[in-house]
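To start, the structure under review is shown below, and the notes come after it.
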Amino acid sequence: MKFAFTDEQRMLRDTSQAFLAAESDSSAVRAASTSDKTYDPELWQKICEDMYWQGILTPESCDGLGLGWVEMAIVLEAAGEKLLTGPLFATSQSTAALMLCPQTDMRDALLSAIIGGHVISLAVSDQRDGWSSCGVTSTDKSNTTVLSGSARFVPFGAAASKLLVAAVDVSGSQSLWVIDAAQEGVSVVHTPTVDQTRAMATVSLENVGVTVDQLLADDAASIIDQALALSRILVVADQVGVAQASLDISVDYTKERSQFDRTIASFQAIKHKAADMMLKVESARSLLYYAACIADAWFAGEADDTALQEAACMASACASDAAFFNAGSGIQMHGGVGITEEYDIQLYFKRARATESFLGRPAEMRETIASQLLDGGVR
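Counted from 1, the sequence shown has number 186 at position 183 by this note's numbering; the numbering is strictly sequential.
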């Protein structure tokens, strides 16, 4: 199968890279990630009003662009290259989850709110038993349902006005609810991680009453599984960008650093390392766009759940390895000083380390693929 970007997709890639080069350089990333909001609201507003990236996956009926997962991957790869600190990933993840829910006026209103620049985050797991572990319970009381529990590592949860919360009842059935972040009984606390460029939060619910009007999907186990698979594709796009930038930054450094009266880029060991890094990123990029194509086919009814999970897991395992290998190799090519705060490569190393375990480690992804293979699910 031959895959190539269309003229429109190449234009999207070029304009995205140009915009981020101008608006999200390393100084802007450092300033935004250490601010109280952990991102630049003015830059996010520019993205929403001028670039409209938050509307790529949203259908035109909800004021979106009605594009697809290849286009979303293009933008998020560019964002990963520049370590964009804004809530683009968080809102894209929530958009994907909402698109899986039954069509209702409330669902469409939430999609339109994201288009308008509101931050809505997805809270699904407490990670007690992997990312499929739901930490919020739902209990029916009188005319309301009460939610209690917690979800960890919610992207930009502290900046969100609304939260999409997964809950499980006593029978084990899962559901998906929308709640206001300021609702009584809701606590959202910023969670420090090794990667300051992507804010995370812990969401805690204590006897939070919700009504049927806030129910997005009942019997939502499959929706949550699919949302996690699609979220992994979004993470992979970011990781491919990180892997590419780590290679580019490191090669540029070796062209400037001299030893023994010549640049270290001329050393054979450096050339071999750079070649290995290039192989890693190109392999990951191929699997990224394969997974994006499968996601588009899945939404069109041309691929099944197994194909989606398979593609997402393969891409995740490969891209996690590529990002961590390239960023770590970049540190070595800098001669050790790359881990110091003065150099940008350490920012990419921290992003790679954080995303390696987000939504599942590479070993877990390979185990999932192996299980499907043994069950006859992988074609």
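Glycine included, C-beta positions come from ideal geometry on N, C-alpha and C.
Check: Apply the 10 Å Cβ neighbour rule to E359 and answer buried if 16 or more other Cβ atoms are within range, or exposed otherwise.; Outcome: buried
Check: Look at the alpha carbon of K49 and the alpha carbon of F327, and state the distance between them as a whole number of angstroms.; Outcome: 31 Å
Check: Keeping to the same chain, check which residues put their C-beta closer than 7 Å to that of V381; ignore five residues upstream and five downstream.; Outcome: Legend: pLDDT at V381 = 48, less than 50; position of this residue unreliable, value from coordinates given subsequently. The answer, listed in chain order, is E313, I372 and Q375.
Check: Quick one: is M203 buried, meaning 16 or more other Cβ sit within 10 Å of its Cβ, or exposed?; Outcome: buried
Check: Kindly indicate which residue of V73, S225, T94 and S27 has the alpha-carbon position closest to the one of S289.; Outcome: V73
Check: Please state if the CB of A82 and the CB of L15 are separated by a distance shorter than 8 Å.; Outcome: no
Check: If you draw a straight line from the C-alpha of Q349 to the C-alpha of A93, how long is it?; Outcome: 23 Å
Check: With DSSP as the reference, label D183 as helix, strand or coil.; Outcome: strand
Check: Would you kindly work out how many angstroms separate the C-alpha atoms of L125 and A7, rounded to a whole number?; Outcome: 32 Å
Check: Using only the alpha-carbon positions, how far apart do T257 and L86 sit?; Outcome: 22 Å
Check: Could you tell me if D198 is buried or exposed, where buried requires 16 or more neighbouring beta carbons within 10 angstroms of its beta carbon?; Outcome: buried
Check: Tell me whether R13 is buried or exposed, calling it buried when 16 or more other Cβ atoms sit within 10 Å of its Cβ.; Outcome: exposed
Check: Indicate whether the contact test is met: 3 or more Cβ pairs, each with one atom in the region 108-127 and one in the region 60-79, closer than 8 Å.; Outcome: yes
Check: Could you name the residues of the same chain whose beta carbon sits closer than 8 Å to that of S286, not counting the 5 residues immediately before and after it, in chain order?; Outcome: C321 and A325
Check: Would you call the region 93-110 and the region 157-168 touching, i.e. three or more CB-CB distances under 8 Å?; Outcome: yes
Check: For R356, which residues in the same chain have their Cβ closer than 6 Å to its Cβ, ignoring the five residues on either side in sequence?; Outcome: V197
Check: Taking DSSP as the reference, what is the three-state secondary structure of L150?; Outcome: strand
Check: L150 and V206: beta carbons closer than 8 Å?; Outcome: no
Check: Using a Cβ-Cβ cutoff of less than 7 Å, which residues in the same chain neighbour Q247 once the five nearest sequence positions on both sides are dropped?; Outcome: E84 and V284
Check: Apply the 10 Å Cβ neighbour rule to E80 and answer buried if 16 or more other Cβ atoms are within range, or exposed otherwise.; Outcome: buried
Check: Say yes only if the C-beta of T37 is nearer than 7 Å to one or more non-hydrogen atoms of the ligand MG, and no if none qualify.; Outcome: The model depicted lacks the ligand MG and carries no ligand whatsoever.
Check: Return the first residue and the last residue of the beta strand (DSSP E) that T371 is part of.; Outcome: Where T371 is concerned, there is no enclosing beta strand (DSSP E), although the alpha helix (DSSP H) it sits in stretches over P365 to L377.
Check: Is D43 buried or exposed, if buried means 16 or more other CB atoms sit within 10 Å of its CB?; Outcome: buried
Check: Does the region 328-341 touch the region 270-277, meaning 3 or more C-beta pairs lie closer than 8 Å?; Outcome: yes
Check: Taking buried to mean at least 16 other C-beta atoms within 10 Å of its own C-beta, is N329 buried or exposed?; Outcome: buried
Check: With burial defined as no fewer than 16 other Cβ atoms inside 10 Å of the residue's Cβ, what is the status of Q177: buried or exposed?; Outcome: buried
Check: Label T9 either buried or exposed according to how many other C-beta atoms from any shown protein chain fall within 10 Å of its C-beta, with 16 as the threshold for buried.; Outcome: exposed
Check: What does a CB cutoff of less than 7 Å around T98 pick up in its chain, not counting 5 residues either side in sequence?; Outcome: L60, T61, L114 and I117
Check: Rounding to the nearest angstrom, what Cα-Cα distance links T2 and S30 in this structure?; Outcome: Since the first residue of the chain shown is 4 and the last is 382, residue 2 is not available in this structure.
Check: Using DSSP with H/G/I as helix, E/B as strand and the rest coil, what is G338?; Outcome: coil
Check: Would you mind sorting T107 into buried or exposed? The rule is 16 or more other CB atoms within 10 Å of its CB.; Outcome: exposed
Check: What distance in whole Å lies between the Cβ atoms of W47 and G119, which are believed to be in contact at a cut-off of 8 Å?; Outcome: With a Cβ gap of about 12 Å, G119 and W47 do not count as contacting.
Check: Can you tell me which of L166, T142 and L250 puts its alpha carbon nearest to the alpha carbon of D347?; Outcome: L250
Check: Among the candidates A298, R260, R155 and D228, whose CA atom is the shortest distance from the CA of I236?; Outcome: A298
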